[in-house]
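From first to last, the protein sequence lines are chains A and B.
Under my numbering, the first residue of the first sequence carries the number 10, and numbering increases by one thereafter.
Under my numbering, the first residue of the second sequence carries the number 17, and numbering increases by one thereafter.
A short write-up of the structure that comes next.
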Amino acid sequence: MNINFLAGVLILALTGAFLPVINRIFKISGILGSIISSVGYILAGFLICLSQDSGKILVEFFTTDAVSRFIGFLILIASWMTMLVIYWVLQKNRFVNELIASLLISTAGALLLISSTNFVSLIIAMELMAMPTYLMVLFSFDDKSLEAGVKYFFSSALAIGVMLFGVSLLYAITGSFNFEVLANNLFKDPLILLAAIFILAGFGFKLTVFPFHFWGPDVYDGACPGVVALLTGISKSAAFIALMRVIYEALPAISNNLTFIFALLAAITMTVGNLLALAQKRVSRILAYSSVAHTGYTLIAFAALSVPLSVTGIVYHSVAYIFMKTAAFLCFAVFLYVWGARTMDDYKGLGKREPILAALFLIFLLSLAGVPPMAGFISKVFVFAAAVDAGMVWLALIGLLNSAFSVAYYIWIAKQMYLEEPTLKEPINNLSSKKFIVIPLSIMAVILIVLGIFINPVLDVSRDFLLKVGL
Amino acid sequence: MVLLSMILVPVIAAPFAYLAEKISKDLPKYISLAVSFFLALCTTYLVVKYPGSGFAFEEFYPIYPPLDFNLHLAVDGISLVLLVITSFLAITVTLSSWNVEKSGAYFFLILLFLGPMVGVFVSLNLLWFFIFWEFTLVPMFFHIGIWGAENRIYAAMKFFIYTHLASVFLLLGIVVLFLNTHTFDFLNLAGVSLDTSVAKLVWILMFIGFAVKMPIVPFHTWLPDAHVQAPSPISVFLAGLLLKMGAYGLLRWELFVLPEESKFFAPLMAFIAVLTIFYAGFRALAEDHIKRMVAYSSINHMGFVLLGLSVLTASGISAAIYEMVGHALIISLLFMVAGYIHHKTHTWYISELGGLMKKIPVLMTMFVIGVLAAVGLPGTAGFVGELTVMVSAFEYYGWIMIIVPLASALSAGFFMWMLQRAVFGPLKDSFKGLSSLKELSLIENIPLAMYILAFILVGIVPSVVFDVYNLSVDTLSQLFK
């Protein structure tokens, strides 16, 4: 790992660790807290930009390459914007600094996760990313938070357990946790396939892949929406990148055997996600099931792992996903806090009440639906192109049809916001900083549109990764 | 820069139109009108400077050359004709929407629609074509959903989901095509040789996408709903531009890219076309709702366009493009007048109308002229379009096409019957004291007069249209030889 990258991660984590301490001593306000955290983000961002490919420290465990730099930088931006929105929404809450501290540490975990090249560091990073989020979900938001937090903790613990079992099998065969060593020493063996399936199951929990997706919507519905933005947007994308590294760097020997498993999981996951999303009344659950469906789309790219386009598909979809899902949940969070809008009925006429926020929410929904020129469109094009290139036209067709059906519920939210008369009369909370909340969300919208047209950065990054794994 | 600015200026002006409402209620429409005139000016420049054949005014903005994802813009005669229609309709629609409510959002969406619309007609990159194509749905969805009639929300949702679903097939076709050719560029794609089974798959996938947009039977069901609910100026965009996108896409990206497969599927296209012509004709005959009837007559005319395209000769394709132009002008007039009739009499139903000629003779005269043009009165665009399509179909398919003129008789039948019931005859008692039943204002009459002048002009001097694209069609139709 490059020293600059590590320094960036550490600065972020330390900012997070000291924020509650500073708060206890000096009783800082929300604004001061956000400034301190922003400094941490900016420093970390600079250091990550400065880091180079060659690594000096912890080379056994982490790597710094184009993918980790690029995705890491985007994760930082998304997390920073999330931080700003959470601060501005919850500024009066006395635990807000603790919440933000968890966010920072979890983001540091995500940065480590996307650069892990060893199962030990991968699992540690994954837990570093997850541990603070347990706290964040439990963060007293309403009665459901407790249930959500417990559910999340147990399913996540189970996931790690299952994954550890798979990893220990690999260790038993090769005597190493390192991806490179594994890749060179693994050969076709039923036991390795078994180990891979356990590892996949572990990832499946984290990524809400069918049939491990049940906790997802409950948790996303119960937790504070700002936290969910981190949970479903940032940490899921990080987990996708980690899974990509596992498949391409550690398990190339058996990757062909995984194709069909991935294809099947993709088809079922996206169909289940979309069908259940259609049946929901609460917007948070719709977004939650749409997140399940999006996991399915990304799995299509995994299913096409024999062709170079699949890496592009995975990276692009993760990139788009970081912003569109995070931002969509943040919009939901603001609507919930200001208007108490939870269900589809509450969303009626919000376009009139909050013209700018609703317009931004619409952009994120259209991106999720895959309408050009947003990044969500072009990323889907790459995902489906990968499937077609790998000879799985049927899978691409299922994916495309799913994507078309999913438009129904995204456009339904748009319909409620713009075409119906408002039902909510008065805002339940008056947000003095509402003007500012628009800024981070607009930044994310602009990034989505720019990445939807200028595809170079993502493609360059994925080409670098392809060169590295020799595809 | 001309073509790029024609795409970007409306899109950039759109937010300003939205914000301008805060300053003055009238400002958005002036911005929209200014942008429409800008488009018209650019189009005039292009028409004047166009060398007569091939692609001209090429602009190339590399975005990601390794995957051939570049903004490649150019016009040939075919796109030029459609650009003329686009800018012409932009002006007339803005004028027709002069007194619209919530004008900021309305003209915001109009401008947001126009930019990608130009993009569809000038893009030589298939992926960009699709991006523009798909984005036009969003403003249209809100137009129908916000300013439409009672069932607007149902119609808007149906419109969006239906046409988006169709686009999915188109997109899959594009992906398969790209993976087999590694290019999105029309200049490389035209006449590309592909594995037969792959090419047929691509052809069918893309055809579904274009067929829904055109729309042709049996993919047409979204159209009557969308038209009936949409406000009349938006119906003009729907019929005049959105449907043309389907026909243009079919022509540019299917017939010219996959000529062999097009030849193979030509009889199928012709069959569907004839089916569409008759089905829509009979449906229109049975229709009591005046706007729905016009919508079905629009499907009927798009059947003629498809028939012309299916002939795959220079004359057939020329005829189809001419029919597209004529249809855009005539159907726009009919939709506008149908909307005004509802506005003035508060009813959509032909059976409840009667004797309107006595109260509003100027508007009704224009309506009658429009109807006569639609049934193909010589001297109007309708006549030239239908005649050339029928002649070329006859030349290519032979005697079987003798049935098509019968469809013309059918359309004459339903239109004349409608005129007799709604326009002529004694005035209905219920309308006698109706204060809203009066002639249009000058500003409302201008677009209608513009349509009439335009379709009579191109009807009397068809060469003004044909000359623009004849050479382009000739060059491209060499592919079918």
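All residues carry an ideal CB built from backbone N, CA and C; glycine is no exception.
Since this is a predicted model, take the numbers as computed values, not measurements.
In the three-state scheme derived from DSSP, where H, G and I count as helix and E and B as strand, residue 201/B is classed as strand. Just measuring C-alpha positions, the residue of 105/B, 229/B, 259/B and 33/B sitting nearest residue 53/B is 105/B. By the neighbour-count definition (other C-beta atoms within 10 Å, threshold 16), residue 432/B is an exposed residue. Under DSSP, residue 78/B takes part in a beta bridge, and its partners are 86/B. Residue-level contact check: residue 173/B touches chain A, since one or more beta carbons of chain A fall below 8 Å from its beta carbon. Selection 263/B, 244/B, 430/B and 330/B evaluated against residue 408/B yields 330/B as nearest (Cα-Cα). In the three-state reduction of the DSSP assignment, residue 91/B falls in the strand class. Sequence-distant Cβ neighbours of residue 357/A in its own chain, meaning closer than 7 Å and more than five residues away, are 425, 429, 430, 431 and 432. Proximity of the stretch 101-110 of chain A to the stretch 246-254 of chain A falls short of the contact definition, fewer than three beta-carbon pairs being nearer than 8 Å. For residue 117/A, the enclosing alpha helix (DSSP H) has its first and last residue at 105-122. The straight-line gap separating the alpha-carbon atoms of residue 307/B and residue 340/B is approximately 20 Å. Residue 484/B sits close to residue 97/B, with the two beta carbons spaced by under 8 Å. Per the Cβ contact rule, the stretch 436-450 of chain A is in contact with the stretch 85-100 of chain A (3 or more Cβ pairs under 8 Å). At a C-beta separation below 7 Å, residue 397/A has these neighbours in chain B: 191, 192 and 195.
A distance of 8 Å or more separates the beta carbons of residue 380/A and residue 474/B. Between residue 285/A and residue 298/A, the beta carbon gap of about 5 Å places them in contact (Cβ cut-off 8 Å). For residue 233/A, there is no enclosing alpha helix (DSSP H), as DSSP gives it neither H nor E. Residue 27/B and residue 372/A have their C-alpha atoms spaced approximately 15 Å apart. Restricted to the stretch 316-391 of chain A, the alpha helix (DSSP H) segments that are unbroken, complete and at least 4 residues in length are 318-348, 359-362 and 364-378, listed in chain order. Using a 10 angstroms sphere on the CB of residue 71/A, the tally of other CB atoms reaches 16 or more, which defines it as buried.
Our two residues, residue 358/B and residue 122/B, have alpha carbons roughly 21 Å apart in a direct line.
In the same chain as residue 211/B, and ignoring 5 residues on each side of it, the C-beta atoms closer than 8 Å to its own belong to 196, in chain order. Interface flag for residue 252/B against chain A is unset, since no Cβ pair is found closer than 8 Å. Distance from the Cα of residue 476/A is smallest, within the candidate group 329/A, 39/A, 316/A and 416/A, for 316/A. In this structure residue 75/B touches residue 20/B by the C-beta definition: roughly 6 Å separates them, less than 8 Å. Membership of residue 449/A in the alpha helix (DSSP H) is indicated by the continuous run 443-462. Looking at the DSSP output, residue 113/B shares a beta bridge with no other residue.
When DSSP reads this structure, residue 437/B sits in no beta bridge, so it has no partner. About 6 Å separates the beta carbon of residue 338/A from that of residue 241/A, a gap short enough to meet the 8 Å contact definition. Using a Cβ distance threshold of 8 Å, residue 103/B and residue 249/B do not count as a contacting pair.
If only complete runs of 4 or more residues are kept, the stretch 193-262 of chain B shows the alpha helix (DSSP H) at 202-205, 212-229, 238-245 and 248-253, in order along the chain. Neighbourhood of residue 79/B in chain A, by CB distance below 8 Å: 462, 463, 464 and 465, in chain order. When the beta-carbon positions are compared, residue 219/A and residue 309/A stay at least 8 Å from each other. Excluding residues up to 5 positions away in sequence, 301 lie with their Cβ nearer than 6 Å to the Cβ of residue 222/A in the same chain. Per the C-alpha coordinates, the member of 182/B, 378/B and 87/B positioned closest to residue 457/B is 378/B. Of all C-beta pairs linking the stretch 319-337 of chain B to the stretch 287-300 of chain B, three or more are shorter than 8 Å, placing the two stretches in contact.
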